[in-house]
Amino acid sequence: MAVLEQYGQRLIPQILDNMAFVEPDRILYSVMSSSNVSDGFQDISARAFANAVNKTAWWLYAQIGENSVVQTAAYIGPQDDLRHVLLTYACVKVGCTALFLSPRNSIEGAIAVLEAAKCSTWVKPCGYSCPLADDILQKRSMKVLNADPITLYPYDKTFEEASGDPFCLLHTSGSTGLPKPITWSHGLIGTMDAVRLLPRVEGDDGLLPWTHNWNEGDRIYSSFPMSHGAGIIMNILLPSLFDLHCIMGPKGVVPNMDLIESLADHANIAIWSMVPSLVDELGETPDVLIKLKPSKFICTSGGPVSPILGSKVNDVVRGIFHTLPNEASINLKDLYSKHPTKPNLWAFQGRNDDIVVLSNGYKISPLETEALVSTHPDIKGCLMIGTGKRQAGLLIELQDSTSRTNEVLDSVWAAIERANALSLHRNQVQRDYVAFSEFDKPFIRTDKGTINRRATLEAYGDFIERFYNSSMERDPEFVTIDTSSIASVTDGVRHILGTLPPAVKEAALDDDLFVTGFDSMLVFRAIKSLRVATKLGELLAPRHLYSSPTLRQFSAMLVQLVIGMHRKTSKEASSDEAAPEGAAEMYRMIDLHRARLSQKVSPFDQMSSNIYLGMKFFYPLRKGVRFEDVFVRLQTGLRRAMEIIPELDGKLIPCSEDEIGYKKGSMRITLPSVPYTSTTNQSAKSSGPRQLRYEDLSAVLPSFAELRAGGFLCSSFVDDVVLASPLAPSLPADVLMAQANFIDGGCILAINLHHQCFDGTGAIMVMRIWGDCCRYAQGEASATCDWLDRQSMNRSIPRILHELEGYGKPVDQVDKNVWGFIDIPDPDEIENGTQVKSSMNESPLPPPPFFPRKFEWPPTRPTHGRSMKAYTFVMSTEMVEQLWRDVLADPTAEGVTSVSDMIQAFVWRSAIKARYHVATHLRCETFDEDELAIVELPIDVRPYFSKLLPESYMGNLVIINRPTMPVATLCGTGTTVGQVAQVLRTAAVHITPSLVHDAFTLLQSVPDYSKVTTACMGMDGMHVAVNNLMLFQTSASSFGDELLDDDGVPAAMRIQMDAINAAFRMAVIHPLREDGSIKFVVGMLPEELDAILADVLKVISA
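The working numbering applies: residue 924 is where the sequence shown begins, and numbers increase by one.
Okay, here's the thing in structure tokens:
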């Protein structure tokens, strides 16, 4: 293992090898699973990454061997793909150089780089096709390598030996000619490592090195492709040199603002590197920009940066001169403008070879005018044209090429006039010499997002010639079109358009007009004529012709516009009077009454039994506050919450058998009507909602400080003390029941929400709304619940989106194995009494695990009269870390890295082993070898259902994943937590949007919603449900700091286990604690406690 040298003299491969040896489990890279960051990452440890590098190096060595001359291996791969990084490391170890070509290159430019680099080897990524790569391999003979990995490859060079060796090979953008290869050496890489050594110098205005506040493990993300220098720097060099955690992917997805926002929401990025176009868009998207405020560093690369080297470092490290070792000075051909007030800051403006030279020899620098015009929000890009012509012009690319309305054109011209006024030579661009880019030909851009001037002007060469040769002053012939029929409109359109490109006169009705010769300049002239001919005026816009590019489509579009214009005119003529007074209030009242209409619960809601979801929140009180004042504030907040979510004031009732489409067990929510003025009970209004009760338990329960010291254990008191929790409430049942229980120093706010109205996520939303309403009552004007979507309680939303997105299908086309993911069995099984197997030949889903069906609700209590209790267990931070290390080192875990999977596996195995021990040793029961243990894991499927689903939807959206293991295997002494975690991770792969929607199809088809059953129901059997709340954050439900301490955030949240223990075998994993430790609660019989304690201690100490 190489000894690491001082900063500036370290070698990238040796940094990796050392990290893999010292901290093998440290995560170096995380690759996004999809553009929705909440879908998760594939984490890659130092050990795994080093192994992959070594295997790639050995494979590369076997393909090309050793050579005294440094060879080059060319590669084009998907955007943000980790194979770029692997190949870079592997090439360095083998002694060759990776050349990353831009897929945007022309074939001539790519071959020019390959020739200059003397590259004869091409690495072809599996599963990725690039037209440029295919063209190169057809035109140039190269050895093509395909991967088949091997093992460890040493790299033992010293910095002095490797300083001049190439690390990788890139190429220039080609904006001023054919692209040229550029070599980055290890010495150049060292300058970036040495940046932290820059000394303070006079005139630095206190500026610190840009890496001064970077910490080990900070997350970094770059939107640059790996064929660009910034992609290499941000995805390879900085993560290695500064011990950063690099976020990459998703593979093949071009970075966009939605992806940036998703990263800001879910990935905790500290360091950002973005292409200039994204930075521009970020400046225009303030709601995303504010999310980047906590970040430490944001940079963009749109042009060269002028480095200022400290005196001591300058003697050792010469930066750019490692790239050009034979040069004493470099002319970068870059232009900068000085900051008007800050003397040490300069802004990159462009290059000095961008000059436009008119036919009279007059030279114009286009940069200032282009920059000023491009600030217009509708303009994506702007190029000055006119070289060799008498007059300069502008070629403009709009953000939306279909939105060329007169308003846009006028505002664009206003921007050009401002640029003319500010330029060195006034009025250098005239209105007649402004052209717009063609609809199907966007400006060509470099990898860094800037316009490739040379390539774009070449692509638009013919267009520019036609533009200068055309007479912009002469208008086409104006005629009147008979709009009484589609035929007359079509004839008139053909006549007018045929005066522009004559080919339109002979075009078929379905021919594309742009193929016949139409371009953006002719579109403007045509629309100008048609606005007069049809009397549509500004109602007709260029976008209509772009979106309907055939005579048939465009004529039909015109007819619809004319009809709409006539309707609007007649409506305005018939409504001379102003709207009656009070209309706005009338519509507000209509909305208020509509919100009180009864609605059926959704099929997903029906998957829950008639049971309350009970929760307890522990809030600390400020010193000296009165219990009564806190209760009044809670009442005020709840009253306002009920105005926002009227369902909280409702009741759940069975549907009438006389309803159309009635099914047994179907339920609906009924709401109180809006009270009439004559019947409003003012005393009831002032007394607060009936659903919230007050209880002073200061003489009954321990103080808040004592409960906190004990960890807020579920066993501290019986749940019924803080809120009576019937297992199966009688119907009609209140949607919400709550009780504020006051103790010395605190309040225990206990709630029951009916589970057929809300799932766990919905319950948290309710608490957040209640908290916001309390804060609003305290004077916090911003706590208006504006984050809440108006459709959050619309029970029809799942069905609407299910049909809208094309998931609807006949039930007989759904895989029978999907029944295993819902809590209602296949009706054929219920009817025949036997399990129904999938009719699909190769179902990708596991068959539904069989367990005894128990449809009786509420269940009959056991005759022995014994009941389970909730026992709380704590895993310290050290225990969690040890478990994590053990699983990572366990080969049977097969790469499981999720702590959540590990904890769930640990809880499942421990709970079942305790019961298995009691069953076999105390009760002498026996089990068949293939008898299964089922763990039921509720899965929130909101992320899988639809992107259109409101984020704040509160109805049930849960399916049940049911991984299984043979009881004997799960409880066997040779079975590890890693092995169990691997079973959970394998089962999680089945959860997809298709599965979720197929489950919804089955739930809609169920004939009897009373047949709800779960494996965990009852005390018998070896099954358990595990509710994982590790990622829930109590800070989401802040009730304000007027009367509550800790900003009104609960110190803890606990599930009411007593009612659950009467009917279900369940375990609950509590939210992750600040110190990294974890608490979980398991319902069990007393004799099982000793067994689980012995097992837990044994596992933790192992």
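Even for Gly, the Cβ is constructed at its ideal location relative to N, Cα and C. Since the structure is predicted, the reported quantities are computational estimates derived from the model, not experimental observations.
Among K1934, I938, I2001, nearest to L1954 - alpha-carbon criterion:
I2001
Residues of its chain near L983, where Cβ-Cβ distance is below 6 Å and the 5 sequence neighbours each way are ignored:
A1013, V1017
For I1674, collect the residues of the same chain with a Cβ closer than 6 Å to its Cβ; drop the 5 residues on either side in sequence, then sort them by chain order.
M1538, A1661
Mind listing, in chain order, the continuous beta strand (DSSP E) runs of no fewer than 3 residues lying wholly within the region 1557-1617?
1574-1577, 1590-1593
Looking only at its own chain, which residues have a Cβ that is under 8 Å from the Cβ of I935, when we skip the five neighbours before and after it?
Y1012, V1015, F1090, H1109, I1112, I1159, L1160, S1163, L1164
Neighbourhood of I1278 by C-beta distance below 8 Å, restricted to the same chain and skipping five residues each side
K1286, I1287, S1288, P1289
For a test of the three-state rule: what should DSSP assign to D1695, helix, strand or coil?
helix
DSSP state of I1835 mapped onto helix, strand, coil:
helix
For D1682, count neighbouring Cβ atoms within 10 angstroms of its own Cβ and tell me buried if that reaches 16, exposed if not.
So D1682 ends up on the buried side.
Nearest residue (CA-CA) to E1618, options V1644, S1638, R1631:
V1644
How would you call F1923, buried or exposed, if buried means at least 16 neighbouring beta carbons within 10 angstroms?
buried
Is the region 1805-1819 touching the region 1904-1919 in the sense that three or more CB pairs, one from each, lie closer than 8 Å?
yes
For Q1522, does the three-state DSSP call read helix, strand or coil?
strand
Considering Cα atoms alone, identify which of P1526, M1149, R1556 is closest to F1962.
R1556
Rounded to whole angstroms, what's the CA-CA distance from I1450 to M1690? Just pull it up for me.
Rounded to whole angstroms, the gap between the alpha carbons of I1450 and M1690 is 56 Å.
Where does the unbroken alpha helix (DSSP H) through Y984 begin, and where does it stop?
Per DSSP, Y984 is one residue of the alpha helix (DSSP H) stretching across 969-987.
According to the Cβ coordinates, are I1914 and I1745 closer than 9 Å?
no
If we call anything under 9 Å between Cβ atoms a contact, is R1776 one with T1936?
yes
C-alpha distance - G1087 paired with V1357, whole-angstrom precision
Approximately 51 Å, taken between the alpha carbons.
Can you tell me whether C1305 is helix, strand or coil according to DSSP?
strand
Should A1632 be labelled buried (16 or more other beta-carbon atoms within 10 Å of its own) or exposed?
exposed
My output table needs one value for G1878: the three-state DSSP class, helix, strand or coil.
In this structure, G1878 counts as coil in the three-state DSSP scheme.
Beta-carbon gap between E1965 and Q1614 smaller than 9 Å
no
Please state the DSSP three-state secondary structure of R1713.
coil
Pairing CB atoms from the region 1865-1884 with CB atoms from the region 1713-1731, are three or more of them under 8 Å?
yes
Do the region 1665-1674 and the region 1535-1555 meet, that is, are 3 or more Cβ pairs less than 8 Å apart?
yes
Is D1181 helix, strand or coil by DSSP?
The answer is helix: DSSP assigns D1181 an H, G or I state.
So what's E1817 in DSSP terms, helix, strand or just coil?
coil
Smallest Cα separation from L1727: which of L1811, S1869, H1844?
S1869
DSSP state of K2002, grouped into three classes?
strand
Beta-carbon proximity list for V1972, same chain, < 7 Å, skipping 5 on both sides:
Closer than 7 Å at the Cβ level, and outside the excluded window around V1972, lie T1957, S1958, S1961.
Mind checking which residues open and close the alpha helix (DSSP H) that includes T1379?
Taken as a continuous stretch (DSSP letters only), the alpha helix (DSSP H) holding T1379 covers 1376-1382.
Can you name, in chain order, every residue of its own chain whose Cβ lies under 8 Å from the Cβ of T1795, other than the five neighbours on each side?
G1634, L1636, C1637, S1638, K2002, F2003, V2004
For A1982, report the span of its alpha helix (DSSP H) as first-last.
1980-1984
With DSSP run on the structure shown, which of helix, strand or coil describes G1415?
helix
Pick helix, strand or coil for P1733, following the three-state DSSP scheme.
P1733: coil per DSSP, three-state reduction.
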